[in-house]
Amino acid sequence: MSQTKPRAPSTPHRQSQGGKDFRKRVQRSKQQTDAPAPQPATRPRAGNASAEPGLVLKADRDKSLLRRHPWVFSGAVERIDGAPASGDTLAVRDASGKFLAWAAYNADSQITARVWSWNEKDLIDKTFFRNRIAGALKARRALGLGRDSNGMRLVHGESDGLPGLIVDKYGDVLVMQLGSAGPEHWRDTLADILQELCSPVCIYERSDSDGRELEGLPVRSGVLRGALPDKVEVTEHGIRFAVDVAAGQKTGFYLDQRDNRALTGTLAADCDVLNCFCYTGGFSLYALRGDAKSVLSIDSSQEALQLAQANVELNSLDASRAEWQCADVFEALRKLRDQNRKFDLIVLDPPKFAPTAAFAEKASRAYKDINLLGFKLLRPGGLLFTYSCSGGISDDLFQKIIAGAALDAGVDAQIVRKLHAAADHPVLLSFPEGAYLKGLVLRVA
Ligand code: SAH
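Right, here's the structure in full:
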C-alpha cells in the first residue's frame, strides 16, 4: 500500500543559543584532536524504482526496531524501493520482506526513517495524526497537568508517538517546532489539527532548532495560524513569566524545569542564592518568592536578563534582593571564587553541552568545571541544584562527573534528590533518548 508524502532529525531536547555557541567550540576542538566529527548522511542504496515506496533493512539489523525504538539509521538500510521524497511515508521491512513499521523517510539524514506506526493496518493520514495528538492531550489531562500551569508541552516528539514534533502551549498561544522530515511534510495538516483541537489565538512556528541542519531542512519561523498577541505570558505555580515566542530561546521558555523551579523555591528561605544560566529568571523568581535573602543571577544573554527583570516586576517581587549579571558563567564563577563570595543555594542549569555522545568528553570537562566551582562557593550545609539537558550525557555519567567535581573541590556531598523533566515531557520506555534532562540536588557537609 502506498502512503502519503511528508520530509528530518532532532530529539526533543532543549536548545538554546548558548548551546549552539558551546557546540561550535566543542566541534572546533574535536577537529583539532582528530575525534570523529558528525558525519554527513550516506544516501541509502536505491532499489527497485518502480516498486511501492519501501525501506528494506540489512539482514540482522531489525533488532532495534523489534524493541520499538523509532529510528532507522542509514547504516542499517539495505535499499530504498520506489522513489520516495524526504517526508514520504514508507513501509519498513526486514531482509525477509516482513513488515515492521510505517515511517517517515529522510534521504538527507543519518536517521533515514522515523517510525509513525508499528501497525500495518494504520493509514498515515490526517485522522492518524488527529488521534495521536488527541491522545497526547488526553494523557496530559488525565495526569492533571494543567492544574499548576497554563504553559505545557502538549506534544513531546518520539515519546508521544510523533517523531520530530514539539508543541508547547503558552496560555492560548501554541508554538510548534518541526524537527524532522516527517512533521515537516505534514506541517499544514498538523497546524489544522491543533487549531481544531485547541482553538489557540495563534500557532507560531519555531522550526529553527539545531537538528534541522542535520536533517537537511531550512530554518523557518513565523505565524502559522491566527495572530501573535503583543504579549505572551505563562503562569506556573502562581508565578507569571513573559515569554518571547518569536525570538526567545527554544520555543520561548524552558517548560521542562517547572517542577524543579518550584522545589528550589521551597528551599530558598533565608538563603543567599546563586542562579547560573538564569535565562528569563525562572529559578530566581521562585527563590525570591520563597524569601531568599539575596539572589544573584547570571546569564550571557542581555535579552533574557531584561525579560527576567521585567518578570520580577510583573510578579511584584522585591527587586532589591535581586542582582543580575550579564556574563559568561565559566568566568563569573572564577571571579566569585576569587572574591571569596559564598552562597547557601546554587543552581547550575547550563545549555546542552553534549547534544550527542560524540560531544560527551569535552562536555564532561565543562560540567566538571562549573560544578567544581559551584561546590567551592557553597557554605557548609549548602545545596547545589545541578542539571544537564545533554542527550549525550547519561544519568550515570553525569553523577560520575559531579562526584569527580566534589572530590576535586575537597567537599563531601550527598545526593538528596534526583530530578527529571516535568511530566508533560514523558519518556517512552523504548526511546531512552527522551530522558535528556537530569538533575541532582546535593547537600555539602
Ligand atoms: N534555568 C533557565 C533555563 C536555562 S537555559 C530556566 O529555568 O528558564 C540556558 C541559559 O544559559 C540560556 O539562557 C543561555 O543564554 C545561557 N548561557 C549559555 N551559555 C552561557 C554561558 N557560557 N554563560 C552564561 N550563560 C550562558
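Per the numbering used here, the very first residue in the sequence shown carries number 10; after that it's consecutive. Note that the Cβ used here is the ideal one computed from N, Cα and C, for glycine as well. These figures come from a predicted structure and were not determined experimentally.
In the structure shown, E87 falls within a strand segment according to DSSP collapsed to helix, strand and coil. By the neighbour-count definition (other C-beta atoms within 10 Å, threshold 16), F108 is an exposed residue. Rounded to whole angstroms, T395 and L357 show a C-alpha spacing of 5 Å. If you look at G231, you'll find it in the beta strand (DSSP E) that goes R229 to G235. In the assembly as shown, T136 is an exposed residue. Its beta-carbon has fewer than 16 other beta-carbons within 10 Å. Taking 7 Å as the cut-off, the beta carbon of P172 is found closer than this to the beta carbon of R123.
In the three-state reduction of the DSSP assignment, C335 falls in the strand class, which pools E and B. For the pair D217 and S230, the CB atoms are nearer than the 7 Å cut-off. The residue from S303, G91 and D97 with its alpha-carbon nearest to that of D327 is S303.
With contacts defined by Cβ atoms closer than 7 Å, L314 and C280 do not form a contacting pair. G247 is not a Cβ neighbour of A277, given a cutoff of 7 Å.
Contact annotation: L64 and A85 have beta-carbon atoms that are not nearer than 7 Å. Residue range A422 to H429 is occupied by the beta strand (DSSP E) that includes K427.
Pairing L183 with I212 gives a Cβ-Cβ distance under 7 Å. The nearest non-hydrogen atom of the ligand SAH is 6 Å or more from the C-beta of A296. Of the residues assessed, N57 falls on the exposed side of the cut-off, its CB having fewer than 16 other CB atoms within 10 angstroms. For the pair V228 and G160, the CB atoms are not nearer than the 7 Å cut-off. Around the Cβ of P364, a 10 Å sphere holds 16 or more other Cβ atoms; the residue is buried.
Note on V232: under 16 other CB atoms within 10 angstroms of its CB, so exposed under the neighbour-count rule. For H165, the secondary structure class from DSSP, reduced to helix, strand or coil, is strand.
Non-local C-beta neighbours of V210 in its own chain, meaning closer than 8 Å and more than five positions away in sequence, comprise D181, V182, G235, A236 and P238, ordered along the chain. When C-alpha distances from R270 are compared across V450, W80, A68 and S59, the shortest belongs to V450. Beta-bridge pairing by DSSP links C207 to no other residue. Residue pairing by DSSP places V453 opposite A422 in a beta bridge.
Relative to the Cα of R267, the nearest Cα in the group V81, S83, H429 and F82 belongs to H429. For R388, the enclosing beta strand (DSSP E) starts and ends at L387 to S397.
Of the residues Q119, A112, E87 and E205, the one whose Cα lies closest to the Cα of R139 is E205. Rounded to the nearest whole angstrom, the CA to CA distance from G96 to Y114 is 5 Å. By the CB criterion at 7 Å, V453 and A412 fall outside the cutoff.
For R196, the closest alpha carbon among the candidates A110, L174, D71 and R70 is that of L174. For G261, the Cβ stays outside the 6 Å cut-off from all heavy atoms of the ligand SAH. The C-beta distance from S126 to F440 rounds to 15 Å, too long to fall under 8 Å, and the pair is not in contact. Nearest C-alpha to Q258 among K385, P192 and D177: D177. In the DSSP assignment, E322 falls within the alpha helix (DSSP H) that extends over Q311 to L323.
Of A331, A112, S83 and I89, the smallest CA-CA separation from P192 is found for A112.
The three-state secondary structure of G448, taken from DSSP, is strand.
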